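The structure appears below as structure tokens.
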Amino acid sequence: MKSSLFILLIALKPAFAATGLAPKKYLSLPLGAVKPSGWLLDQLKVQANGLAGHEHEFYSYVSQTDWMGGDSFYSNLEEAGSYWFSTSQNAMVPSGILANSSEINAKTSAFLSYVLSHQDSTGWLGPEVNTTKPRFLWGRYPFMLGAIQMAEYDSTLTTPVVNALYKFVTLANTMLHAGQGLEQWTESRWEDFVIVLQWLYDNHPNGQEDLLIDTMQQLRATGIPWEKVFSPQYFPTTPVENIPNPLNLPIAWHGVNVAEALKALPAAFRFSHNQSDLDAASQGWDLLFQYHGRPSGIFAADEYLAGLEAARGTELCLVVETMFSGSYLYQVIGDPKFADRIERITYNALPATLTGDMWSRQYLQQQNQIAAKNMNPSYSNVFGLDPNYPCCTVNHPQGWPKFVSNAFLTTPDQASLVNIYLGPFETSTTLSSGNRVKAVVDTQYPFSDTLTTTLTASKAFTYYVRIPSWVVGGTISINGGSAQPVSPVNGLQAVSAAAGTTKFVLNLPAPITTESRPHGSIAVHRGPLHYAFDIARSQKVLAQNSQQPLAVDLEFDATVNWEYAIDPSTLKFNSGITTPALPSPIFDSGKPPLTISATACPIAWAVAGDTFASSPPTNPNCTGAQTTITLSPYGATKLRIGEFPVFQSK
Numbered sequence: 001m002k003s004s005l006f007i008l009l010i011a012l013k014p015a016f017a018a019t020g021l022a023p024k025k026y027l028s029l030p031l032g033a034v035k036p037s038g039w040l041l042d043q044l045k046v047q048a049n050g051l052a053g054h055e056h057e058f059y060s061y062v063s064q065t066d067w068m069g070g071d072s073f074y075s076n077l078e079e080a081g082s083y084w085f086s087t088s089q090n091a092m093v094p095s096g097i098l099a100n101s102s103e104i105n106a107k108t109s110a111f112l113s114y115v116l117s118h119q120d121s122t123g124w125l126g127p128e129v130n131t132t133k134p135r136f137l138w139g140r141y142p143f144m145l146g147a148i149q150m151a152e153y154d155s156t157l158t159t160p161v162v163n164a165l166y167k168f169v170t171l172a173n174t175m176l177h178a179g180q181g182l183e184q185w186t187e188s189r190w191e192d193f194v195i196v197l198q199w200l201y202d203n204h205p206n207g208q209e210d211l212l213i214d215t216m217q218q219l220r221a222t223g224i225p226w227e228k229v230f231s232p233q234y235f236p237t238t239p240v241e242n243i244p245n246p247l248n249l250p251i252a253w254h255g256v257n258v259a260e261a262l263k264a265l266p267a268a269f270r271f272s273h274n275q276s277d278l279d280a281a282s283q284g285w286d287l288l289f290q291y292h293g294r295p296s297g298i299f300a301a302d303e304y305l306a307g308l309e310a311a312r313g314t315e316l317c318l319v320v321e322t323m324f325s326g327s328y329l330y331q332v333i334g335d336p337k338f339a340d341r342i343e344r345i346t347y348n349a350l351p352a353t354l355t356g357d358m359w360s361r362q363y364l365q366q367q368n369q370i371a372a373k374n375m376n377p378s379y380s381n382v383f384g385l386d387p388n389y390p391c392c393t394v395n396h397p398q399g400w401p402k403f404v405s406n407a408f409l410t411t412p413d414q415a416s417l418v419n420i421y422l423g424p425f426e427t428s429t430t431l432s433s434g435n436r437v438k439a440v441v442d443t444q445y446p447f448s449d450t451l452t453t454t455l456t457a458s459k460a461f462t463y464y465v466r467i468p469s470w471v472v473g474g475t476i477s478i479n480g481g482s483a484q485p486v487s488p489v490n491g492l493q494a495v496s497a498a499a500g501t502t503k504f505v506l507n508l509p510a511p512i513t514t515e516s517r518p519h520g521s522i523a524v525h526r527g528p529l530h531y532a533f534d535i536a537r538s539q540k541v542l543a544q545n546s547q548q549p550l551a552v553d554l555e556f557d558a559t560v561n562w563e564y565a566i567d568p569s570t571l572k573f574n575s576g577i578t579t580p581a582l583p584s585p586i587f588d589s590g591k592p593p594l595t596i597s598a599t600a601c602p603i604a605w606a607v608a609g610d611t612f613a614s615s616p617p618t619n620p621n622c623t624g625a626q627t628t629i630t631l632s633p634y635g636a637t638k639l640r641i642g643e644f645p646v647f648q649s650k
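The sequence shown: position 299 = 299 (UniProt numbering), numbered continuously.
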């Protein structure tokens with residue numbers, strides 16, 4: 001009897017197994033439902049008026065001639081076109097909509113129409129002309145992510161986009177089963193295609209659930225096993241250039257691949273239903289920032305994972321891809337550590353590697369960056385049109401729009417609205433039971449501790465807002481009532497909103513904190529902002545684009561001493577003067593109203609060549625009189641010291 005029952009249970013086991021896709025903890029809103037306001041809207045407009053919004057007009061890498069009938073379009077689709085899709089569709093689509101730019105919207109619409117109309121009879125997204133190159137799948141992933149956003153914003157595009165995606169998925173499934181379409185980028189970035197497939201499954205399954213799940217499984221089976229890469233057994237704890245990869249997968253230590261792969265295991269969990277995938281994803285996140293993290297929120301990889309030294313670089317593509325992955329991780333897992341870090345990256349690492357007007361960008365930024373010069377043969381630190389590699393030129397504009405688009409979510413039952421990222425936003429949506437709600441957040445955060453939120457709703461509901469982990473002594477006042485201590489659960493403060501209007505004020509102060517860094521140095525934080533010594537600089541134009549004079553390559557060199565140690569006990573926060581509107585662009589030298597002062601003294605601090613500082617000296621001696629220096633938000637600095645030696649002042 002026992003034996004027969006065991007056999008019966010084994011036979012029925014597939015029936016008990018989880019099928020379909022596991023739900024997310026939180027659901028994103030369609031593009032356009034969340035909009036920036038105040039300084040954040042200005043930031044989107046600065047980006048649209050800068051390199052991101054104009055590069056297609058003159059930059060040969062993504063010139064319009066390549067997608068308005070030119071024969072070079074296909075070859076560009078393998079990388080340039082792929083990243084251009086990521087820019088025009090996956091970044092410039094939301095940029096145009098969020099910045100209310102009719103010019104950008106018209107261009108992205110024309111681009112989408114051109115690509116869809118050139119899909120061939122096999123389902124391949126093209127066009128495909130005058131080439132004998134093999135078909136590789138990865139180049140189409142960013143385009144599909146962007147096309148999804150356009151379909152979400154404009155319902156008239158839903159049918160043609162969904163039909164085109166299914167034609168491609170059917171072809172891709174056949175190719176994957178035959179071992180075709182694979183190369184290192186397809187194998188390392190399979191999660192992007194999985195997310196496209198999950199969008200189809202969640203919103204337009206069309207009776208093709210088995211095809212979609214099977215394609216997800218094939219992508220994972222033919223891709224890099226990120227659960228192994230992110231395990232303590234295999235994950236590197238030092239810079240990787242001089243150590244062998246134990247999995248014989250050096251491409252798995254490539255910085256941008258790692259940034260994108262952070263969302264691979266939560267994406268896999270949705271079809272595997274294995275808790276081990278989520279555990280590995282969370283563990284990999286922690287290992288990455290433990291051994292390669294930066295006070296600016298991001299991790300170091302000057303191409304490949306680079307450890308903790310302040311002079312090692314971080315690629316701009318890596319910054320925006322980590323922001324995208326972190327938002328997805330939060331939506332699937334719900335751990336507030338992901339949201340806290342993405343907010344820190346956005347308000348520090350992202351703007352630090354762009355000039356204030358966003359016409360020039362770096363390839364690599366550094367925590368301690370005393371010059372931005374041509375380090376022949378490396379051009380990585382120069383601020384320019386396309387220093388070192390062009391990928392970051394066309395990929396970086398996704399950062400701000402995706403941050404805005406993911407700032408609000410809903411609970412899985414769509415009964416509640418959840419404000420994850422803090423800043424000046426507004427959103428309108430319809431929750432379950434036809435509850436029409438609107439939330440307007442009036443604030444200068446992160447340049448202020450106060451946020452005033454006005455909710456309007458046709459029915460009563462529960463609203464949630466994230467309280468960051470760095471807040472100490474936070475309070476909430478609802479409808480003019482007395483301020484009460486915030487009491488978040490898993491990082492979220494619940495607010496009971498009645499039908500009609502509810503208004504509440506959050507005050508989210510934070511103490512100054514210091515972070516221990518290598519060689520006994522420290523980094524300085526307050527709230528979401530990391531603070532650094534903004535080194536005054538000279539500027540030299542190294543090159544200027546012949547078609548667009550605003551696109552320049554700039555060399556920066558220090559014009560003041562930067563070799564200081566600071567006394568952490570003397571750090572003092574200065575809140576500045578509150579004004580109705582912040583300066584524009586806010587992330588430039590001297591613009592943010594917040595500073596931190598510190599007692600400092602000059603020290604002997606060696607340089608490596610004339611381009612970057614050596615490691616901070618441990619236990620340095622003062623070489624001159626004590627003085628007071630001012631630390632500014634890291635994102636506003638272009639030359640900086642962000643990790644300081646320490647001394648004890650007298």
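Cβ atoms here follow ideal geometry from the backbone N, Cα and C, with glycine treated the same way. In this text the structure is predicted, and so the values were computed from the model without any measurement.
Bridge-paired residues (DSSP) for residue i
| i | result |
| --- | --- |
| phenylalanine 612 | Ala608 |
| phenylalanine 556 | Ala372, Gln539 |
| asparagine 574 | Thr595 |
| residue 673 | In the structure as shown, the chain begins at 1 and stops at 650. Residue 673 is therefore absent and cannot be evaluated. |
| serine 420 | The question names serine, but residue 420 in the sequence shown is isoleucine. Note: isoleucine 420 sits in no beta bridge, so no partner. |
| glutamine 366 | Gly313 |
Cβ neighbour criterion (16 or more within 10 Å) applied to residue i
| i | result |
| --- | --- |
| arginine 341 | buried |
| alanine 613 | buried |
| threonine 637 | buried |
| glutamine 444 | buried |
| lysine 373 | buried |
| aspartate 286 | exposed |
| aspartate 413 | exposed |
| glutamate 152 | buried |
| glycine 69 | Interpretation of glycine 69 is limited by its pLDDT of 41, a score under 50 that renders its predicted location unreliable; the figure taken from the coordinates is listed afterwards. With fewer than 16 Cβ atoms within 10 Å of its Cβ, glycine 69 is classed as exposed. |
| alanine 600 | buried |
| residue 666 | Past the edges of the chain, shown from 1 to 650, lies residue 666, and the structure says nothing about it. |
| valine 394 | buried |
Simplified DSSP state of residue i, which is helix, strand or coil
| i | result |
| --- | --- |
| valine 495 | strand |
| tyrosine 564 | strand |
| proline 397 | helix |
| threonine 637 | coil |
| serine 485 | Here residue 485 is proline; the residue named in the question, serine, does not match the sequence. Strand at proline 485. |
| proline 592 | coil |
| alanine 457 | strand |
| serine 297 | It is glycine, not serine, that sits at residue 297 in the sequence shown. Coil. |
| serine 378 | strand |
| serine 516 | strand |
| isoleucine 603 | strand |
| histidine 177 | helix |
| threonine 215 | helix |
| phenylalanine 136 | coil |
Same chain, Cβ closer than 6 Å to residue i, neighbours up to 5 away in sequence not counted
| i | result |
| --- | --- |
| aspartate 442 | Thr452 |
| phenylalanine 324 | Lys402 |
| valine 319 | Ile298, Ala349, Leu350 |
| leucine 262 | Ser325 |
| leucine 197 | Leu212, Thr215, Met216 |
Chain-order list of residues whose beta-carbon lies under 7 Å from that of residue i (same chain, five-residue window excluded)
| i | result |
| --- | --- |
| serine 632 | Tyr531, Ala532, Asp534, Pro592, Thr595 |
| valine 34 | Val404, Ser405, Ala407, Phe408, Phe425, Thr427 |
| alanine 498 | Ala460 |
| alanine 352 | Ser296, Gln365, Tyr634, Gly635, Thr637 |
| histidine 54 | Gln548 |
| threonine 623 | Pro602, Ile603, Ala604 |
| asparagine 435 | Ala457, Ser458, Lys459, Phe461 |
| aspartate 588 | Gly356, Ala636 |
| leucine 182 | Thr222 |
| glutamate 103 | none |
Own chain partners of residue i with C-beta closer than 8 Å, once the 5 adjacent residues on each side are dropped
| i | result |
| --- | --- |
| serine 575 | Pro593, Leu594 |
| alanine 280 | Trp226, Glu227, Phe230, Ser231, Leu265 |
| tryptophan 124 | Arg135, Phe168, Leu171 |
| tryptophan 359 | Gly50, Leu51, Leu550, Ala551, Val552 |
Residue i beta carbon near the ligand FAD (any heavy atom closer than 7 Å)
| i | result |
| --- | --- |
| serine 60 | Looking at this structure, you won't find the ligand FAD or any other ligand, since it has none at all. |
Every unbroken alpha helix (DSSP H) within the segment 107–132, with a cutoff of 4 residues, ordered by chain = Taken in chain order, the segment 107–132 contains no complete alpha helix (DSSP H) segment of 4 residues or longer.
ask   = Enumerated in chain order, which unbroken segments of the alpha helix (DSSP H) with a length of 4 residues or greater are wholly contained in the segment 217–300?
value = For the segment 217–300, the full-length alpha helix (DSSP H) segments reaching 4 residues or more read 226–229, 255–261, 264–272, 275–292 along the chain.
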